[in-house]
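What follows is a set of notes on a single structure, which appears directly below.
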Amino acid sequence: MTTLGRELQQRGHRVTLINLLDTQINADAAGIEFHPIGQSEFPIGAGTKSPDCDRNKCSSVF
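Offset between the sequence shown (1-based) and this note's numbering: plus 288.
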């Protein structure tokens, strides 16, 4: 998503990533505005603790 966001920024668009707190580091590194959701339900680190989520498979998602 950050690749798409950077491309849109280069074309003059304002980009905001809306996601769990775990993804903020990626948005910040890409220079993309970030707005967190689900902060109380999914604090930092909670996104990778899902029983359905194998850490290796979900690391690229979160």
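The beta carbon of each residue, even a glycine, is placed where N, CA and C say it ideally should be.
Secondary structure of residue i, DSSP reduced to three states
i: Glu295; result: helix
i: Ile320; result: coil
i: Leu308; result: coil
i: Ile313; result: helix
C-alpha distance - residue i paired with residue j, whole-angstrom precision
i: Met289; j: Ile325; result: 17 Å
i: Phe350; j: Ile320; result: Caution applies to Phe350, whose pLDDT of 47 falls short of 50 and renders its modelled position unreliable; the value that the coordinates give is listed next. Cα-Cα distance, rounded: 16 Å.
i: Ser328; j: Leu292; result: 28 Å
i: Leu309; j: Arg302; result: 20 Å
i: Ile313; j: Ile332; result: 11 Å
Distance between beta carbons of residue j and residue i, contact taken as under 8 Å
i: Thr304; j: His323; result: 6 Å
i: Arg294; j: Ala318; result: 6 Å
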